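Taking it in order: structure first as structure tokens, then the write-up.
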Amino acid sequence: MTYQLQTLALHAYLSAALILLWHLVRPFRPGPPLARVLGVGGALLHGAGLGARLWEQGGEPVGLAQACSSVSLAVVVISLVVELRYRQPVLGAFLLPLGTAVLVPGLMGDSGAVPASVKAPILPLHVTVALLGLAAVAAAAGVALVYLLMERQVKLKHFGILFSRLPPLQVLDELNRRLVVWGFVAISLTVISGAFFVRGSGPGLSWSPKEVATLAAWAMFGALLMARLLAGWRGRRVALLTVAGFGVLLVSFFSAFEPVLRSGGVH
Amino acid sequence: MEVVCAGLSYRSAPLEVRERLALSGEAQDLLLGQLRDQGLEAVVLCTCNRAEIYAAGPAAAEALEAARAALCERGGAQAQPHLYEHGGEAAVLHLFRVCCSLDSMVLGEAQIFGQVKDAYERAQAAGSAGGELSRACQAAFACAKRARTETGIGRAATSMASAAVDLSRRIFGDLHGRPALVVGAGEIGELAARHLSQARCKVVIANRTRERAEALAAQVGAAVRPFEELHALLHSVDLVVSSTASPAPLFTRENVVPAMKARRHRPLLLVDLAVPRDVAPGVHGSAEGVYAYDVDDIRQVIDENVAARANEAAKAEQIVAEEVARYVRARAVRDGVPVLAQLRQRAEQIARAEAERTLQHLPELSEKQRKSVEAMGMAIVNKLLHQPTAKLRALDPSGQPSPLADAAAELFGLEEAPPKAAGGKS
Numbered sequence: 220m221t222y223q224l225q226t227l228a229l230h231a232y233l234s235a236a237l238i239l240l241w242h243l244v245r246p247f248r249p250g251p252p253l254a255r256v257l258g259v260g261g262a263l264l265h266g267a268g269l270g271a272r273l274w275e276q277g278g279e280p281v282g283l284a285q286a287c288s289s290v291s292l293a294v295v296v297i298s299l300v301v302e303l304r305y306r307q308p309v310l311g312a313f314l315l316p317l318g319t320a321v322l323v324p325g326l327m328g329d330s331g332a333v334p335a336s337v338k339a340p341i342l343p344l345h346v347t348v349a350l351l352g353l354a355a356v357a358a359a360a361g362v363a364l365v366y367l368l369m370e371r372q373v374k375l376k377h378f379g380i381l382f383s384r385l386p387p388l389q390v391l392d393e394l395n396r397r398l399v400v401w402g403f404v405a406i407s408l409t410v411i412s413g414a415f416f417v418r419g420s421g422p423g424l425s426w427s428p429k430e431v432a433t434l435a436a437w438a439m440f441g442a443l444l445m446a447r448l449l450a451g452w453r454g455r456r457v458a459l460l461t462v463a464g465f466g467v468l469l470v471s472f473f474s475a476f477e478p479v480l481r482s483g484g485v486h
Numbered sequence: 012m013e014v015v016c017a018g019l020s021y022r023s024a025p026l027e028v029r030e031r032l033a034l035s036g037e038a039q040d041l042l043l044g045q046l047r048d049q050g051l052e053a054v055v056l057c058t059c060n061r062a063e064i065y066a067a068g069p070a071a072a073e074a075l076e077a078a079r080a081a082l083c084e085r086g087g088a089q090a091q092p093h094l095y096e097h098g099g100e101a102a103v104l105h106l107f108r109v110c111c112s113l114d115s116m117v118l119g120e121a122q123i124f125g126q127v128k129d130a131y132e133r134a135q136a137a138g139s140a141g142g143e144l145s146r147a148c149q150a151a152f153a154c155a156k157r158a159r160t161e162t163g164i165g166r167a168a169t170s171m172a173s174a175a176v177d178l179s180r181r182i183f184g185d186l187h188g189r190p191a192l193v194v195g196a197g198e199i200g201e202l203a204a205r206h207l208s209q210a211r212c213k214v215v216i217a218n219r220t221r222e223r224a225e226a227l228a229a230q231v232g233a234a235v236r237p238f239e240e241l242h243a244l245l246h247s248v249d250l251v252v253s254s255t256a257s258p259a260p261l262f263t264r265e266n267v268v269p270a271m272k273a274r275r276h277r278p279l280l281l282v283d284l285a286v287p288r289d290v291a292p293g294v295h296g297s298a299e300g301v302y303a304y305d306v307d308d309i310r311q312v313i314d315e316n317v318a319a320r321a322n323e324a325a326k327a328e329q330i331v332a333e334e335v336a337r338y339v340r341a342r343a344v345r346d347g348v349p350v351l352a353q354l355r356q357r358a359e360q361i362a363r364a365e366a367e368r369t370l371q372h373l374p375e376l377s378e379k380q381r382k383s384v385e386a387m388g389m390a391i392v393n394k395l396l397h398q399p400t401a402k403l404r405a406l407d408p409s410g411q412p413s414p415l416a417d418a419a420a421e422l423f424g425l426e427e428a429p430p431k432a433a434g435g436k437s
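As structure tokens, this is what we get:
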């Protein structure tokens with residue numbers, strides 16, 4: 220049942236993404252509201268499917284597939300909120316495909332139990348915050364790529380479809396800032412909460428690849444926000460650093476599931 | 012009653028001919044009064060690009076002739092060869108296209124809609140906007156509104172100043188409260204200041220002659236700063252529109268790059284509408300966040316917009332075709348209904364009279380039986396008229412009025428619909 224609900228959500232996201240991409244090329248009025256309805260409908264189905272699965276597991280998140288599915292849901296919700304807040308449906312043409320792509324591995328399903336070494340009462344909170352942080356940074360990276368695309372049009376003086384339909388540069392930069400702030404807060408909470416149940420040996424760091432990558436990403440986003448605040452960094456270099464930071468965070472994400480991947484992949 | 016149109020426009024007549032028909036408000040009122048006295052409904056549309064009379068009267072040929080004569084009288088012999096005439100559906104189509112700005116020199120410009128509305132209101136005030144012409148104008152306004160909302164025909168900017176504002180929106184988004192500097196208070200500077208002010212920017216004007224800057228600032232609600240502070244102003248404003256006659260560039264890498272440091276890399280857009288240029292060629296991209304566009308770039312933006320409008324015009328033409336067909340259908344129904352009503356009225360009168368005569372010979376019938384006889388008479392009328400009614404209501408797919416209405420009137424010896432009061436409302 221959870222699989223069917225998530226598959227339906229995937230189709231809804233894909234349809235919404237295609238509608239918005241079409242709207243980007245050839246604007247048509249019913250496009251954005253239709254995509255919104257599909258996006259919200261998909262997110263509700265997706266949430267129900269994922270929630271049911273977690274309920275079955277007693278609230279304990281398991282495996283890479285569920286993590287991907289959760290990140291996908293969070294990216295879609297962020298995309299819908301951004302569209303509503305900034306009235307820029309075109310952004311959905313970039314963020315929804317991202318959410319859809321992440322959901323594909325999420326449909327593969329996985330089983331097993333949480334390793335005893337990381338079992339802790341704080342684990343569900345730690346995982347939730349980590350995945351929300353990853354989703355916020357993924358959305359920020361998506362927005363950063365749109366910024367780079369738009370900036371290229373502005374700099375090269377290409378006054379075509381992209382120039383006239385992509386969101387304004389400053390709107391993209393501001394959105395990037397907000398998403399990075401949320402992402403940074405979430406990563407900080409992840410690091411703090413994670414430090415409490417490393418190997419069941421009390422607070423501390425094990426310097427595993429996951430922890431190193433997470434700390435590197437945390438430091439990068441922290442430095443980025445400081446540079447914005449103190450040195451007035453913005454625009455292109457911030458967009459590039461956001462994408463790089465997302466790459467580092469992805470390493471951390473996959474490192475967390477390294478044992479699963481090494482033992483024959485996702486079930 | 013059908014709408015006709017006679018007139019000339021930039022397409023058919025040169026400026027010196029159009030000038031002769033640039034009628035003042037008073038002259039238009041006189042013309043409207045003259046046509047009204049001839050028993051015609053009339054609307055006179057005079058803009059810098061066209062002079063047209065839309066008229067409607069009991070006889071289309073006479074209405075057209077009166078409109079043409081009125082224009083020739085005022086425009087002289089020179090105007091005559093440039094006049095065009097439209098009758099029937101072509102006249103309605105022309106009115107709708109003009110209203111939607113599909114016949115304008117700048118495709119999609121917004122002013123024409125207001126100008127047609129003003130012309131209609133003037134005709135109403137003069138008592139010459141009759142029923143048919145009123146309906147045609149209202150339908151044209153509805154069509155224009157539909158074309159504006161459903162297509163992008165009027166969306167993209169096609170003037171230098173408005174394109175500059177559009178360009179700023181691509182970088183900054185909403186311009187509300189954004190500090191903007193207008194350098195130069197000439198004609199282009201004035202337009203730029205007006206557009207920026209309309210976009211709710213915080214406009215500052217700098218001009219070599221301070222008095223001129225102050226006069227313009229008073230008109231658009233802007234502030235004035237000394238021309239000597241030009242480079243210092245780069246620290247605080249986000250947008251610069253420059254259009255001076257300066258022989259050397261006012262903004263160069265040397266003064267823009269240090270300003271960017273002081274601005275902490277906040278984006279700065281410089282739009283140079285001057286020739287020779289006010290912004291040196293190397294400024295664009297000289298530091299992160301510096302964007303500079305010159306006249307050629309703005310021209311390119313306008314060309315893109317004009318091309319986009321042309322694409323949208325095809326959609327607007329489709330809407331016009333639909334709305335004209337709708338108007339023609341509605342008129343056909345209006346034309347057909349009096350015949351139908353008369354036919355039914357006549358048949359019901361006959362049925363009632365015959366039933367009454369029959370009942371006089373049958374006094375023994377009960378009330379129920381009398382009602383049955385009356386009902387039978389009406390049922391025969393209904394059954395007999397069912398098919399003709401359906402045929403008369405059915406419209407020609409081409410949108411033309413059904414010729415059956417005239418045939419039915421002829422066949423059943425019905426009177427023609429009473430003519431509408433001359434120039435009055437119907």
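Listed in order, the protein sequences are those of chains A and B. Quick note: the first sequence uses this note's numbering, first residue 220, plus one each step. Quick note: the second sequence uses this note's numbering, first residue 12, plus one each step. For every residue, glycine included, the Cβ atom is placed at its ideal position computed from N, Cα and C. Every value quoted in this text rests on a predicted model; they were computed, and no experiment measured them.
Taking a contact to mean a Cβ-Cβ separation below 8 Å, would you say residue i touches residue j in this structure?
i: LEU280 of chain B; j: SER179 of chain B; result: yes
i: LEU51 of chain B; j: ALA71 of chain B; result: no
i: VAL344 of chain B; j: GLU100 of chain B; result: no
i: THR319 of chain A; j: LEU229 of chain A; result: yes
i: SER298 of chain A; j: GLY325 of chain A; result: no
i: ALA362 of chain B; j: VAL392 of chain B; result: yes
i: VAL294 of chain A; j: ALA354 of chain A; result: yes
i: ALA74 of chain B; j: ARG320 of chain B; result: no
i: GLN39 of chain B; j: CYS59 of chain B; result: no
i: VAL14 of chain B; j: ALA102 of chain B; result: yes
For residue i and residue j, what's the separation of their Cα atoms in angstroms?
i: LEU106 of chain B; j: LEU118 of chain B; result: 15 Å
i: ARG189 of chain B; j: ALA204 of chain B; result: 13 Å
i: HIS276 of chain B; j: ALA458 of chain A; result: 14 Å
i: GLY410 of chain B; j: GLU333 of chain B; result: Low per-residue confidence applies at GLY410 of chain B: pLDDT is 47, beneath 50, and the placement is therefore not dependable, though the value from the model is reported in the following sentence. Approximately 10 Å, taken between the alpha carbons.
i: SER471 of chain A; j: ALA432 of chain A; result: 5 Å
i: ARG3 of chain B; j: ALA217 of chain B; result: Examination of residue 3 of chain B is not possible in this model, given that chain B is present from 12 through 437 alone.
i: ASP134 of chain B; j: ARG108 of chain B; result: The displayed chain sequence assigns Ala, not Asp, to residue 134 of chain B. Their backbone Cα atoms lie some 20 Å apart in a straight line.
i: GLY44 of chain B; j: SER115 of chain B; result: 28 Å
i: ARG418 of chain A; j: LEU250 of chain B; result: For ARG418 of chain A, the predicted structure reports a pLDDT of 49, less than 50, and the residue's modelled location is therefore unreliable. A value from the coordinates is still provided. Looking at the two C-alpha atoms, the distance is approximately 57 Å.
i: ALA336 of chain B; j: PHE152 of chain B; result: 15 Å
i: GLU132 of chain B; j: LEU354 of chain B; result: 38 Å
i: GLY402 of chain A; j: LYS374 of chain A; result: 29 Å
i: ALA475 of chain A; j: GLN285 of chain A; result: 13 Å
i: GLN360 of chain B; j: LEU351 of chain B; result: 14 Å
i: LEU34 of chain B; j: ALA77 of chain B; result: 17 Å
i: GLY142 of chain B; j: ALA136 of chain B; result: 14 Å
i: ARG272 of chain A; j: LEU192 of chain B; result: 59 Å
Which residue marks the beginning of the alpha helix (DSSP H) containing residue i, and which one marks its end?
i: GLY287 of chain A; result: Per the sequence presented here, residue 287 of chain A reads as Cys, with Gly not at that position. 282-305 is the span of the alpha helix (DSSP H), which, as asked, contains CYS287 of chain A.
i: HIS242 of chain A; result: 221-244
i: LEU261 of chain B; result: Note, LEU261 of chain B: premise wrong, no alpha helix (DSSP H); not H, not E.
i: GLY36 of chain B; result: 36-48
i: CYS154 of chain B; result: 142-161
i: SER383 of chain A; result: 380-384
Which residue from the options puts its Cα closest to that of residue i?
i: SER257 of chain B; options: B:ASP289, B:GLN311 and B:GLN39; result: B:ASP289
i: LEU317 of chain A; options: A:TYR305, A:HIS345, A:TYR232 and A:PHE247; result: A:TYR232
i: LEU408 of chain A; options: A:VAL259, A:GLN225, A:GLY352 and A:LEU243; result: A:GLY352
i: ALA358 of chain A; options: A:GLU430, A:ARG453 and A:ASN395; result: A:ASN395
i: TYR302 of chain B; options: B:VAL282, B:GLU315, B:ARG166 and B:ILE309; result: B:VAL282
i: SER247 of chain B; options: B:GLU265, B:SER253, B:SER254 and B:LYS272; result: B:LYS272
i: LYS376 of chain A; options: B:PRO287, B:GLN380, B:ASP305 and B:SER145; result: B:ASP305
i: VAL356 of chain A; options: A:HIS345, A:PRO387, A:ARG397 and A:VAL323; result: A:ARG397
Considering just the uninterrupted stretch of the beta strand (DSSP E) at residue i, what are its terminal residues?
i: CYS110 of chain B; result: First-last for CYS110 of chain B: 99-110, but that is the alpha helix (DSSP H), not the beta strand (DSSP E).
i: ARG22 of chain B; result: Looking at the DSSP string, ARG22 of chain B is not in any beta strand (DSSP E), and its letter there is neither H nor E.
i: LYS213 of chain B; result: 213-217
i: GLU53 of chain B; result: Checking the displayed sequence, the identity of residue 53 of chain B turns out to be Ala instead of Glu. Its beta strand (DSSP E) spans residues 52-57.
i: GLU63 of chain B; result: 61-68
At a cut-off of 7 Å, would you count residue i as near the ligand FAD, judging by its Cβ distance to the nearest heavy atom?
i: HIS230 of chain A; result: The ligand FAD is absent from the structure shown, which contains no ligands of any kind.
Three CB pairs or more closer than 8 Å across the segment 355-366 of chain A and the segment 304-322 of chain A: yes
Stretch pair the segment 260-272 of chain B + the segment 218-235 of chain B: three plus CB contacts closer than 8 Å: no
Say whether the segment 86-100 of chain B touches the segment 16-33 of chain B, bearing in mind that this needs 3 or more beta-carbon pairs closer than 8 Å, one atom from each stretch. yes
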